[in-house]
Amino acid sequence: MRRTTRGAALVLPLLGALAAGQASAQQAVSQNLAHDPGAHAPASHEVYFGAVLFDRLEWGVGLDGSPNVARWDGQAWYGTDYDKIWIKTQGEVERGRRAENAEVQLLYSRLIGYYWDFQAGVRYDARPRPDRTYGVIGVQGLAPGLFEVDLQAFVSERGDLSARVELSYDLYITQRLVLQPNVEVNLAAQRVRELGVNSGFSDVEAGLRLRYEFTREVAPYVGVNYTRRFGEAARYARDEGGRAESVEFVSGIRLFF
Amino acid sequence: MAELSLPRRSMLAAGIAAIAAPALSRSALAQPVIGRMMPREFNLAIEHVSLNITGSPRSAIAVNRSVPAPVLRFREGEEVVINVANRLRESTSIHWHGLILPSGQDGVPGISDGFQGIAAGETHQYRFPLVQAGTYWYHSHSGTQEQAGLYGPLVIDPARAEPFGFDRDYIIQLSDWTDENPHRVIQNLKRDAGYYNYNKRTAASLANELARAPNAQAREAIIRDRMMWGEMRMDPTDIEDVTGYTFLVNGRTPEQNFTAAYRPGETVRLRFINSGAMSHFDVRIPGLEMTVVQAHGNNVQPVAIDEFRIAPAETFDVLVRPTGGRQFQILAESMGRQGFASASLATQNGLPMLPLPSHRERPLLTMADMGGNYGPRGLDRGTLRPETDRPGQIAPMESMDMGGMDHSGMPGMSGMGSGGAQGGMQGMDHSNMPGMNRGAPAPAGRGGRVQAPSGTAPMDHSTMPGMDHSNMPGMGRSSSLASDPMFRLASASIPSGSVPGPGNFTLAQATRGQGGMSGMDHSNMPGMDHSTMPGMDHSGMPGMGQPQQARPTQPRRPQGQQNPPAPRRDQRSAAPAAPDHSAMGHGAPGTGQVGQVDTSAASAHAGHGGMTPPDPFAVNTGAPPGARVLTYRMLRALSNPYPVREPDRILEVRLTGNMERYFWAINGNRFSEAQPIVLTLGERVRMRFINETMMSHPMHLHGVWMQPQVGNGAQNPLLHTISVKPGSTLDVDVEADAEGGWAFHCHMLFHMETGMMRKVEIRRQPRVASNG
């Protein structure tokens, strides 16, 4: 309950800012009309649209003694060409444990360039314990070479700074068979003892997934996923019977609606 | 009182498209119908119907329960009243495409004077006089209703005899049908602009290309080309945004085989209308020559062709003379080669369709389509208040900026931009203006940019499709066409004295000229496969790496060694090899010999050095060598109500958008955020279209004619829709002689819906300000 309230406290100003933005846009339009008596109201309005993408919904079988893992990584957006509400979520559950990582982000997204969105909002990590709330800013888009890029910086409720870099690339082998390499790197500016985070690299994840797009919406895949934890995170992982390094054979489905 | 032109109250009543052959009897033609006491009245009811095109029923929008909507047949000079009843659950509208009428009758909600659409359940009365004749069409201007079936043909019989004769008259209305909800199509494009593209470049296609490449150089070029497109985050295979279409002729699938019946020896008029929401078609009738007699409803000097490309919303009337009782196939292949619309010309109805040919090679976008050297920009945009590009609407151009030239800073060029200086340029033949040849000094300041890797890549012909003509079908056909007596038909049937100028005689010249072209057998020509050509070092071409050597007024033509000089520029551009090459320096239109006021963009830019913009009029349908492909330049208006004069000002109309996010715009502002373009009644403006995107945009301006400056002077054609190719710059003159609010938009439906639209206001009072 307390968490919810805190989350809302962070979300509400965000929505407020969004509403203000829209209000000022409307104001600008009405000013235009005022200055331009000949102008009619536009016949076409903004198109609102949205999508849900679960890039990863998978089960990983640990190789070489690594634990089995269920993992998800998804996002959804809704809005106009320029202004969108963007939700991101990712997490993983190791077999026989409770959720090891589970986070959700609520962002406002604004198109700032041909290929780039600026995003800002909040992130809530339900796992690991203790749960944390972060402020988020970032950019998401398409880098030269057709790399999907997501750069995010976080500041926790305690003032801890961290960052995340995600890169992926869709290599079309045929029109429907797509090989997707991806990398995710998490960095921290300082040690956060209770989360097992050291300053510097906290973890690196790399994957290679081969999907078959029966449709753009439904694409099952297989692949491998490699995770490496550093510093205290690695030590904690080992202390808890885990490993600093793990490799899984993954199979799952990509959903895009 | 209610009367419908040729009404058939059944779905897909293809019969509606056949206009009774003797309808244009000579006596009827001689009698203008001006002076009717009462306007004729028509009733149209718009409603949802279930339509089954592909095998599964879908919701469509019909007029009088017909998809396409019934033929409306009017007479020039009469006044008509059209009652449109909206039985949908949403607002609707009908726009009379290409008709010159009062703004309030034009039917665009929120733009036409006083018109806000027809609310659900209401009936709206249109009433307007018909001041023109020809082939037009009508369609909804609300949302995506046009894609759902709300389109129909509109034919206006002339008050006076047309300068050509024919025995039979058919409408060939092309369209594209999707089982998907059109709103869903937009959503799909917005969440993934490549959603419908299953012709992407893949690792498999790369392996194929590499295996086929003749040598290491070619392989290197292929790799470099791939990397370059990736670097630019663009997709060269993005020819058509939407796939999954079934293409129709008069509402019929190829299997349903709409048949235009003829008797051997008859002359048949085919009124082609492209009502496709998102589809360009390449049209041909294998074995038959076509003579274009009208373009967009207006008479043109008859011109014999083998093929033409028709952009959405365009109409072309052609005459054909099928002989021998054969069944001929009218083929309209979509530009992206996803399918055919097809119909038959046969001596009887009910024959099965002829088997469809295999598809021609899919076009690939080239660096020329990317543009990058558009000439001076920053001109008057015609808005009352200054307007700037919104972020995210202009593709980053660094890697495409071949010449890297900022023409606006060039001495002598600044005058080109402002309307005020135009007056002093009257009568100048710009092609002879020494001051225009600024190729040498211009790039000096930023010469380093020219060496960018992307600057060389477009010259790799080995990656260009369709360059190897040796295995193309129909190589021998063209010569037999040239000897076909078809031409006599058209010229013989022209009543003597009714054609102003030497129209029909130029026609004969064209035939002769073509004969020389069509006799060529390219299949034996060494070097047409450029990938194997040694010494194709294009770096010596004007502006392609050594700009200081540029001699833009005399562009060198590397393939001139193989190609005998074509007799006329427009025929050369019709040759299939030309369009791609035209981007590289020899695309400069030969405007020098024609109208002295032809300060067209292409000719103005031809002398800037650097990479010459692509020939905006070249059309590459993938036709076999020697085939005559219609271009705007081949269209010569038989009459033009407007005097030839210099424009009062030049308006910049940059076609922009974000292909990654799938929204489109004019001058970097989507319709929802854009100001109207304001013109003064009576002025002549030159719209300088600059297509900065990689798609073709058929731009339609309501209410007034557009006159593309194709270099035919007083005979420049009058069109209602101008297809602007990717990366090209082209000038279109508009006489602002119709007061009121007019829609101005791309006729690719989803481009319009996602922002490529403006309101053009033609006002009596002078403009108060501009940002020119």
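Chains A and B, in that order, give the protein sequences. The first sequence begins at 6 in my numbering and counts up one residue at a time. The second sequence begins at 4 in my numbering and counts up one residue at a time. Glycine included, every Cβ here is placed at the ideal spot set by N, Cα and C.
What did DSSP end up calling glycine 67 of chain A once you bin it into helix, strand or coil?
-> strand
DSSP state of aspartate 372 of chain B mapped onto helix, strand, coil = helix
Glutamate 212 of chain B, enclosing alpha helix (DSSP H) - first and last residue = 206 to 215
May I ask you to list, following chain order, the residues of the stretch 119 to 140 of chain A that have a beta carbon less than 7 Å from some beta carbon of chain B?
-> Tyr119 and Tyr120
Look at tyrosine 129 of chain B and proline 156 of chain B and say whether their C-beta atoms are less than 9 Å apart.
-> no
Taking phenylalanine 152 of chain A as part of the beta strand (DSSP E), name the residues at either end of that continuous run.
-> 152 to 161
Hey, does glutamine 190 of chain B have any beta-carbon neighbour from chain A nearer than 9 Å?
-> yes
Proximal residues, the stretch 168 to 184 of chain A versus chain B, C-beta separation under 7 Å = For chain B, the residues of the stretch 168 to 184 of chain A that bring a beta carbon within less than 7 Å of one of its beta carbons are Leu176, Tyr177, Ile178, Thr179 and Gln180, in chain order.
Go ahead and label proline 71 of chain B buried or exposed: buried means 16 or more other beta carbons lie within 10 angstroms of its beta carbon, across all protein chains shown.
-> buried
Under a CB-based cut-off of 9 Å, is arginine 221 of chain A close to chain B?
-> yes
Counting only beta-carbon atoms, is histidine 40 of chain A nearer than 9 Å to chain B?
-> Low confidence applies to histidine 40 of chain A: its pLDDT is 37, below 50, so where it sits in the model is not reliable enough to give any reading.
Within chain B, partners of glycine 150 of chain A - CB distance below 7 Å = Under a criterion of Cβ atoms nearer than 7 Å, the residues of chain B adjacent to glycine 150 of chain A are, in order, Gly233 and Glu234.
Can you give the beta carbon distance from valine 338 of chain B to aspartate 285 of chain B, rounded, assuming they're within the 8 Å contact cut?
-> Checking the sequence, you will find methionine at residue 338 of chain B rather than valine. About 6 Å; that satisfies the 8 Å criterion.
Neighbouring residues, chain A, relative to threonine 757 of chain B (Cβ below 7 Å) | Val52
With DSSP run on the structure shown, which of helix, strand or coil describes isoleucine 85 of chain B?
-> strand
From this set, A/Leu62, A/Gln124 and A/Val190, which residue's C-alpha is nearest proline 225 of chain A's C-alpha?
-> A/Leu62
Should alanine 48 of chain A go down as buried or exposed, given a rule of 16 or more other Cβ atoms within 10 Å for buried?
-> Per-residue confidence for alanine 48 of chain A stands at a pLDDT of 46, beneath the threshold of 50, marking its modelled position as unreliable; the derived number appears in the next sentence. Alanine 48 of chain A counts as buried, since at least 16 other C-beta atoms from the protein chains shown sit within 10 angstroms of its C-beta.
Just the Cα atoms here: how many angstroms apart are threonine 95 of chain B and glutamate 212 of chain B?
-> 49 Å
Can you give the beta carbon distance from arginine 274 of chain B to aspartate 320 of chain B, rounded, assuming they're within the 8 Å contact cut?
-> 5 Å
With a CB to CB cut of under 6 Å and the five nearest residues on each side skipped, what residues in its chain are close to histidine 705 of chain B?
-> Asp109, Trp745 and Ala746
Can you list the residues of chain B that isoleucine 117 of chain A reaches, using a CB-CB cut of under 9 Å?
-> Neighbours of isoleucine 117 of chain A in chain B, taken as residues whose beta carbon is under 9 Å from its own, are Pro394 and Gly395 in chain order.
Interface positions of the stretch 113 to 140 of chain B facing chain A (Cβ-Cβ less than 7 Å), listed along the chain | Correct list: Gly113 and Ile114.
Buried or exposed: which applies to isoleucine 693 of chain B, given that a residue is buried once 16 or more other Cβ atoms fall within 10 Å of its Cβ?
-> The residue in question, isoleucine 693 of chain B, is buried, as its Cβ has 16 or more Cβ neighbours within 10 Å.
Please determine if the stretch 249 to 266 of chain B and the stretch 165 to 183 of chain B are in contact, where contact requires at least 3 C-beta pairs separated by less than 8 Å.
-> yes
Rounded to whole angstroms, how far is the Cβ of valine 681 of chain B from the Cβ of threonine 386 of chain B, which I believe are closer than 8 Å?
-> 7 Å
Would you mind stating whether histidine 186 of chain B and glycine 137 of chain B have Cβ atoms separated by less than 9 Å?
-> no
What residue range is occupied by the uninterrupted beta strand (DSSP E) comprising glutamate 655 of chain B?
-> 652 to 661
Return the Cβ separation of isoleucine 397 of chain B and tyrosine 119 of chain A in integer angstroms, given the expectation that the two are a contact with Cβ distance under 8 Å.
-> Contact flag correct, Cβ pair sits at about 7 Å.
Look up histidine 98 of chain B in the DSSP assignment and give the residues it is bridged to.
-> B/His142
What span of residues does the alpha helix (DSSP H) with alanine 224 of chain B cover, start to end?
-> 219 to 235
What's the call for isoleucine 258 of chain A, buried or exposed, on a 16-neighbour Cβ count within 10 Å?
-> exposed
Contacts around methionine 709 of chain B, its chain only, beta-carbon distance under 7 Å, and the 5 residues preceding and following it disregarded = Leu722, His723, Ile725, Val735 and Val737
Starting from phenylalanine 666 of chain B, follow its DSSP beta bridges and name the residues at the other end.
-> Phenylalanine 666 of chain B is bridged to B/Asn661.
Exposed or buried, what is methionine 41 of chain B when buried is set at 16 or more other beta-carbons lying within 10 Å of its beta-carbon?
-> exposed
In terms of residue numbering, what span does the alpha helix (DSSP H) encompassing methionine 755 of chain B cover?
-> For methionine 755 of chain B, the uninterrupted alpha helix (DSSP H) run begins and ends at 752 to 756, by DSSP.
Classification of proline 3 of chain B by the beta-carbon crowding that lies within 10 angstroms, buried from 16 upward | No information on residue 3 of chain B is available, as it lies outside the stretch 4 to 775 that chain B covers here.
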